[in-house]
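Numbering (my numbering), first residue to last: 413 to 715.
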């Protein structure tokens, strides 16, 4: 397109010194956000290079950790069958016959559902069965209104939703790159819901326990990472940071193996330990796949 009339004359008569200064006027110093983004990009590249050998195994490890709490719970009910029956029947006043059916169905759902999630077989049905276990146990054991238990269960549900979204990604590969719109939408929304729910365990960690300078510092860093995971900004890096924090927390706080089998706190700490592993598994899937379509990271690719 040519420049006509007086505009053309003025353009060609413009001093070179002025026109040469135009690019420098457009170019400005990077903003603090750009500087942070540049540094985090370097860290992400470093993590990708370091985790390269184990990255193909992250989905399998993540799915196994997600259902770890269900496997442990199922085996615990079997090993403590008489105690479980006695508690539900005597303290929760659930009829004996219903108690037997309740525990049996829970054990079958947890063991079979966990196996199907790990092997990526009928994942939708498996996740549905495990979700029914979470809800029925909260009601059956009378813990539905206990805030810490409630937040932890929300995070476990988030991990299950991440496993479900992972199954949609697998289905997309299986059909030779020709996913249906329905599958793509499902994966997108389940990833978003899973990311949001995963962080509730950390919120429970923040509001529970005794405060100290170290706890305030860890809580602040973790809260920032949780927000970044939810909005999908540097989600892989933020999820990895939460994996490290929760893993250290699990070892230092929920060390059930240091208690004798008769100690009253052992089962409680063991339960919390394996629930935390489930949330770590969900975060590993975020590390592997990223935040998904509904995220700031994805919008940056478009704009």
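Cβ coordinates follow ideal geometry from the N, Cα and C atoms, glycine included.
- Straight across, the Cα-Cα distance linking residue 467 with residue 669 is about 29 Å.
- Straight-line spacing of the CA atoms in residue 610 and residue 566 works out to 7 Å.
- Relative to the Cα of residue 686, the nearest Cα in the group 559, 494, 557 and 571 belongs to 571.
- With respect to the C-alpha of residue 478, the residue from 551, 680, 540 and 569 having the closest C-alpha is 569.
- DSSP places residue 537 in the uninterrupted alpha helix (DSSP H) bounded by 535-552.
- For the options 627, 661 and 608, the alpha carbon positioned closest to that of residue 640 is the one of 608.
- Counting of Cβ neighbours within 10 angstroms places residue 664 among the exposed residues, the total staying below 16.
- No residue range can be given for residue 555, since it is assigned to no alpha helix (DSSP H) and is classified by DSSP as neither H nor E.
- About 6 Å separates the CB atoms of residue 473 and residue 696; that is less than 8 Å, so the two are in contact.
- For residue 696, the uninterrupted alpha helix (DSSP H) run begins and ends at 676-701, by DSSP.
- Under the three-state reduction of DSSP, residue 611 is assigned to coil, being neither helix nor strand.
- For residue 679, the closest C-alpha among the options 580, 489 and 515 is that of 489.
- Apart from the 5 residues on each side of it in sequence, residue 470 sits with its Cβ closer than 6 Å to the Cβ of 696 and 700 in its chain, given in chain order.
- Taken in chain order, the whole alpha helix (DSSP H) runs of length 4 or more contained in the region 621-672 are 625-643 and 647-664.
- Secondary structure at residue 504: coil, using DSSP grouped into helix, strand and coil.
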